[in-house]
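Structure first, then comments.
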RNA sequence: GGGCCCGUAGUCUAGCCAGGAUAGGACGGCUGGCUUCGGACCAGCGGACCCGGGUUCAAAUCCCGGCGGGCCCUCCA
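Residue numbers (this note's numbering): 54 to 587.
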């Protein structure tokens, strides 16, 4: 990391001069600065000596200006040598990331879409930085609705439709069940019996349930392939029903739970009391999550576990972590809830009123359609490209904002040809790619830098630091914002500096090559598709 | 009633963890350039830290109190 290397040198020199101030990064006034309210800035600037870095006393600060003619050559050599490994580290931690987690027999909706995109990017960032990532998809595959579903399918299900379009067919019979139950309330009771038999292990029902589960996963995978998301494990709540009951015993023994009117209440300092076992002896979500966490630690001995789950479940995770801590599990402090806000769709209000849920697939399809419209508008339609641009627009709109904030989908805005949009980023990449298609990388030297070249060099040097910060704070939006800034700087450069045929061609080809490498890295970390032409 | 999150121009957003120099961008609006190394481009103009206190030499940033929006508080997940 060139910028890190420079930083260390500056720090060391300052220490030698007896200055113990924090060295901060700067955008406007050089590359680094220290505050010098109580120091003699002039004196520091005069005695400071590091090759390739100038110190200037300005105002109450000492600013450090990196000489990019000196460091630029080293930076570019490094990026060219390391290629897609530029910015990588060897953190060597074991990280469990639970994400996506849709419900069996139900379509993925926009919430799952944000979850999957965010989780996927986090996985990629952790892997990039040299961690072993275990990706877990925790399916919602239990609950009384499965009794209803099995009954409904046996009564009205269509085998052929189930194979062809499983979730649609399951949803159809599920809806029909709710219509029919109005006329015949006995159905409700039958469904409950079936669910009990299912938990009891009755083979016919278990087989059917397994089939629903497999078919649902098959369908989810279509979207995962599209998004480039992968999982090491598809486990579900059902797996932990028995283990959860043992956890209830453990909690009682440790004095963290008490019985009340036939149910078991969890009592942990710092979080509100809550039920962990119902009167009928069945467990709840929190109980199963406790069992899951303990099981995962035994299995993986992780250094960090991330739960990518919507912000409405913040209390749930506080309770989960606090309880694990109270139970004496040291590793509880290494569990984190990555929470995120809602997505608001332009057609959202109308659709909820109709009682219709908008699926993840519909959102992507719509975006592709809109991308196609835009392309037709400028006479450059191409289906394959439209599909990628549309998908990239969905991913980028989600990842460019802080996870904690709402995401608002506005088709015109996210597919706009200008501004902080996926099409703009992709277009920048295409520009870089096409210059390089016609050029050859040769020996180069860095001198006589123009402002645009200097800015681009500085931006490239920043990449490793940005990835590190994104990881530390679990915010892919840091990378998204960096990517936009990089494209901006590259386009300014492109506008001002002719590459091919110029007298600085060798250097500029190297600069564009490095830009392309870093662009590709950013796209990869965000899980966005690239296009070669637009 | 209690708790958590968010609040930056007409609209969207960065910065807040770790307080410092003129709050960085984007869209839309207005003005101009260029038709390329594929213009889905570039340059310029105007406009913002929800309110009130406090801490500090210094607050968008930290603390307290409001207001507005969202979410969560026992037998759903």
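Just so you know, even glycine gets a beta-carbon here, dropped at the ideal spot from N, CA and C.
Using the three-state DSSP reduction, which class does residue i fall into: helix, strand or coil?
i, result
"residue 188", "strand"
"residue 162", "strand"
"residue 195", "coil"
"residue 340", "helix"
"residue 435", "coil"
"residue 411", "coil"
"residue 156", "strand"
"residue 330", "strand"
"residue 277", "helix"
"residue 316", "strand"
"residue 77", "strand"
"residue 568", "helix"
"residue 179", "helix"
"residue 335", "coil"
"residue 286", "strand"
"residue 219", "helix"
"residue 474", "coil"
"residue 585", "coil"
As a quick exercise: from the options, pick the residue whose alpha carbon is nearest that of residue i.
i, options, result
"residue 589", "496, 445, 551 and 544", "Any answer about residue 589 is impossible in this case: the structure gives the chain only from 54 up to 587."
"residue 197", "361, 63, 260 and 291", "291"
"residue 135", "584, 570 and 585", "570"
"residue 207", "121, 258 and 539", "258"
"residue 579", "461, 276, 563 and 451", "451"
"residue 458", "171, 541, 105 and 256", "171"
"residue 263", "357, 280, 289 and 277", "289"
"residue 528", "393, 546, 434 and 412", "393"
"residue 91", "82, 261 and 110", "110"
"residue 545", "504, 562 and 522", "504"
"residue 220", "278, 271 and 193", "271"
"residue 305", "329, 346 and 56", "329"
"residue 282", "255, 101, 199 and 154", "154"
"residue 322", "214, 169, 374 and 215", "374"
"residue 432", "396, 286, 587 and 478", "587"
I'd like to confirm the pairing. Which residues does DSSP put opposite residue i in its beta bridges?
i, result
"residue 450", "The partner list for residue 450 (beta bridge, DSSP) is empty, contrary to what the question assumes."
"residue 114", "88 and 111"
"residue 360", "151 and 390"
"residue 227", "Paired residues: none, contrary to the question."
"residue 21", "Nothing can be reported for residue 21, as the shown portion of the chain is limited to 54 through 587."
"residue 311", "318"
"residue 119", "106"
Buried or exposed: which applies to residue i, given that a residue is buried once 16 or more other Cβ atoms fall within 10 Å of its Cβ?
i, result
"residue 293", "buried"
"residue 555", "exposed"
"residue 430", "exposed"
"residue 94", "buried"
"residue 84", "buried"
"residue 165", "buried"
"residue 406", "Only weak support is given to the placement of residue 406: the predicted model assigns it a pLDDT of 44, under 50, and the value that follows is read from those uncertain coordinates. So residue 406 counts as exposed."
"residue 524", "buried"
"residue 160", "buried"
"residue 561", "buried"
"residue 464", "buried"
"residue 372", "buried"
"residue 542", "buried"
"residue 253", "exposed"
"residue 511", "buried"
**Prompt:** When the Cβ atoms of the region 507-518 are set against those of the region 464-483, are three or more pairs found closer than 8 Å?
**Reply:** The answer is no - the region 464-483 does not touch the region 507-518, with fewer than three Cβ pairs under 8 Å.
**Request:** Determine contact between the region 415-429 and the region 477-496, defined as no fewer than three beta-carbon pairs at a distance below 8 Å.
**Result:** no
**Message:** Taking 8 Å as the cut-off, does the region 111-129 touch the region 82-101 (at least 3 CB pairs, one atom from each stretch)?
**Reply:** Contact holds: three or more Cβ-Cβ distances are below 8 Å.
**the region 139-150 touching the region 179-196, judged by at least three CB pairs closer than 8 Å** = yes
**Request:** For the region 295-309 and the region 352-363, state whether three or more C-beta atom pairs, one from each stretch, are separated by less than 8 Å.
**Result:** no
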